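Each remark here refers to the structure printed beneath this line.
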């Protein structure tokens with residue numbers, strides 16, 4: 002990109018400001034520079050929309066259990082059941098979680114797992130009577146997901162077919178799913194500060210590659226359709242993660258470029274190259290720390306896998 006090296010030149014020559022042509026990266030209006038920084042990560046979001054739209058357009062069938070539950074402690078006495086403490090009983094059908102309908106056990110898992118360490122309003126059907134309970138979910142420190150101590154009634158296996166969408170319907174569903182993935186990923190970042198085992202939560206490149214390879218192998222072993230859907234689903238989630246991570250206000254990432262541009266826009270003056278350089282060094286140190294955490298987690302993962 003034109004003017005991309007102007008910052009480096011200013012540092013090497015110890016200049017008080019970055020000398021740049023009007024139509025170069027550091028010469029354009031800060032708002033335009035912020036848009037340039039946003040463009041890269043935004044494409045990751047666009048890719049996730051495309052991937053989710055293709056999945057919605059293809060459609061698929063999956064098997065799960067009904068929304069009838071069993072209290073986990075009745076099968077695994079060593080576990081904790083927040084649901085039982087709140088008054089939920091085995092045989093109850095959980096029909097909504099936090100206001101969202103749960104027609105099967107998969108719906109239940111999705112809603113509960115995304116709400117760790119929270120007070121959740123759960124509505125159940127008990128012998129035809131609708132009852133409401135407030136359940137404080139547990140935080141699984143290994144995965145960062147929420148749990149309430151219930152298991153599925155394995156006697157009630159059901160087949161679920163995803164809706165059949167046309168072209169525009171699939172795009173709409175893809176956009177909705179992409180935004181849901183963004184929301185879930187942002188929530189996952191906040192969970193990291195609640196005592197989650199970071200080595201398990203942060204995956205390095207080796208573990209991501211292993212996950213992708215396993216997903217492709219297992220998916221295509223079942224069928225070409227399942228292989229395509231499972232692969233696109235994982236790639237979409239990875240793209241959403243890249244979209245968010247690259248927008249974090251950390252120097253050396255696109256979010257750092259956006260942050261500096263917005264500060265200059267607000268202050269109506271350019272930030273000195275030395276200050277930007279110092280901020281970048283802090284950002285690099287943070288990135289190295291994250292890399293080391295991911296690498297350590299990968300080593301632990303593959304060692305335990307043997």
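In our numbering, the protein residues as written are 2 to 307.
From the three backbone atoms N, C-alpha and C, an ideal C-beta is built for every residue, glycine too.
Predicted, not measured: the structure shown is a model, and the values here were computed from it.
Taking only heavy atoms of the ligand COA into account, decide whether any of them is closer than 7 Å to the Cβ of residue 149. Inclusion of the ligand COA in the displayed structure is not the case, the ligand content being empty and no account of it being possible.
Report the residue from 74, 89, 29 and 208 whose alpha carbon sits nearest the alpha carbon of residue 301. Within the chain shown, residue 301 is the residue found at index 300, counting from 1. If we check each option's Cα against that of residue 301, 208 comes out closest.
Considering only the beta carbon of each residue, do residue 138 and residue 118 sit closer than 8 Å? Mapped onto the chain shown, residue 138 falls at position 137. Mapped onto the chain shown, residue 118 falls at position 117. Cβ distance < 8 Å, so residue 138 and residue 118 count as in contact.
Using 8 Å as the cut-off, can you tell me whether the region 45-64 makes contact with the region 226-243, which would need three or more C-beta pairs spanning the two stretches below that distance? yes
If you follow the alpha helix (DSSP H) that residue 233 is in, where does it begin and where does it stop? Here the question's residue 233 lines up with position 232 in the chain shown. That run of the alpha helix (DSSP H) goes 225-248.
Cutoff 6 Å; reference residue 183; Cβ partners in own chain excluding five residues on either side: The count along the chain shown starts at 1 and reaches residue 183 at position 182. Closer than 6 Å at Cβ, skipping near neighbours: 241.
Need the endpoints of the beta strand (DSSP E) that residue 153 sits in, please. By 1-based counting over the chain shown, the position of residue 153 is 152. Start and end: 151-153.
Expected contact under 8 Å - CB spacing of residue 52 and residue 248 to nearest Å: Translated into positions along the chain shown, residue 52 becomes position 51. Translated into positions along the chain shown, residue 248 becomes position 247. In fact, because the Cβ distance is near 19 Å, the residues do not count as touching under 8 Å.
For residue 103, count the other beta carbons within 10 Å of its own beta carbon; 16 or more makes it buried, fewer makes it exposed. Which is it? Counting from one through the chain shown, the residue named residue 103 turns up at place 102. Classification of residue 103: buried, given that the 10 Å Cβ count is 16 or more.
Starting from residue 135, trace the alpha helix (DSSP H) in both directions and tell me its first and last residue. On the chain shown, residue 135 is found 134 positions in, with the first residue counted as 1. Counting along the chain, residue 135 falls outside any alpha helix (DSSP H), though it belongs to the beta strand (DSSP E) covering 130-137.
Which of the three DSSP states is assigned to residue 69 in this structure? Looking up residue 69 in the chain shown gives position 68. Of the three classes helix, strand and coil, the one that applies to residue 69 here is strand, per DSSP.
Would residue 69 pass as a contact of residue 154 if the rule is Cβ separation under 8 Å? For the purposes of this step, residue 69 is identified with residue 68 of the chain shown, where counting begins at 1. For the purposes of this step, residue 154 is identified with residue 153 of the chain shown, where counting begins at 1. Their beta carbons are under 8 Å apart, which means residue 69 touches residue 154 by this criterion.
Report, in whole angstroms, the separation of the C-beta atoms of residue 42 and residue 265, which I expect to be a contact under 8 Å. Position 41 of the chain shown, counting from 1, holds the residue named residue 42. Position 264 of the chain shown, counting from 1, holds the residue named residue 265. Between residue 265 and residue 42 the Cβ distance is about 20 Å, and since that is not below 8 Å, they are no contact.
Considering only residues of the same chain and omitting the five flanking positions on each side of residue 106, which have a CB-CB separation below 7 Å? As a working note, residue 106 is residue 105 in the chain shown. Contacts found: 65, 66, 67, 68 and 153.
Find out if the Cβ-Cβ distance for the pair residue 277, residue 267 is shorter than 8 Å. Position 276 of the chain shown, counting from 1, holds the residue named residue 277. Position 266 of the chain shown, counting from 1, holds the residue named residue 267. Not closer than 8 Å, so no.
On the DSSP letters alone, give me the boundaries of the beta strand (DSSP E) that residue 160 sits inside. The residue given as residue 160 occupies position 159 in the chain shown. Its beta strand (DSSP E) spans residues 158-162.
Helix, strand or coil: how does DSSP classify residue 80 here? Residue mapping note: residue 80 aligns to position 79 of the chain shown, counting from 1. Note: residue 80 maps to coil in three-state DSSP.
Tell me where the beta strand (DSSP E) around residue 122 begins and ends. Sequence index remark: in the chain shown, residue 122 carries index 121 (1-based). It spans 120-127 - the beta strand (DSSP E) in which residue 122 sits, taken as one unbroken run.
Does the separation of the CB atoms of residue 27 and residue 60 fall below 8 Å? As a position in the chain shown, residue 27 is number 26, starting the count at 1. As a position in the chain shown, residue 60 is number 59, starting the count at 1. No, the Cβ-Cβ distance between residue 27 and residue 60 is not below 8 Å.
In the structure shown, what three-state DSSP assignment does residue 278 receive? Translated into the one-based positions of the chain shown, residue 278 becomes position 277. In this structure, residue 278 counts as helix in the three-state DSSP scheme.
May I ask you to list the residues that DSSP assigns as paired with residue 63? To locate residue 63, count along the chain shown from 1; it is residue 62. Per DSSP, 161.
Where does residue 98 fall in DSSP's three states? Looking up residue 98 in the chain shown gives position 97. In this structure, residue 98 counts as strand in the three-state DSSP scheme.
Could you tell me if residue 206 is buried or exposed, where buried requires 16 or more neighbouring beta carbons within 10 angstroms of its beta carbon? If you number the chain shown from 1, residue 206 lands on position 205. The residue in question, residue 206, is exposed, as its Cβ has fewer than 16 Cβ neighbours within 10 Å.
Between the alpha carbons of residue 91 and residue 85, how many angstroms are there, rounded? The sequence position of residue 91 within the chain shown is 90, counting from 1. The sequence position of residue 85 within the chain shown is 84, counting from 1. Distance between the alpha carbons of residue 91 and residue 85 is about 9 Å.
Would you identify the three-state DSSP class for residue 140, choosing helix, strand or coil? Sequence index remark: in the chain shown, residue 140 carries index 139 (1-based). In this structure, residue 140 counts as strand in the three-state DSSP scheme.
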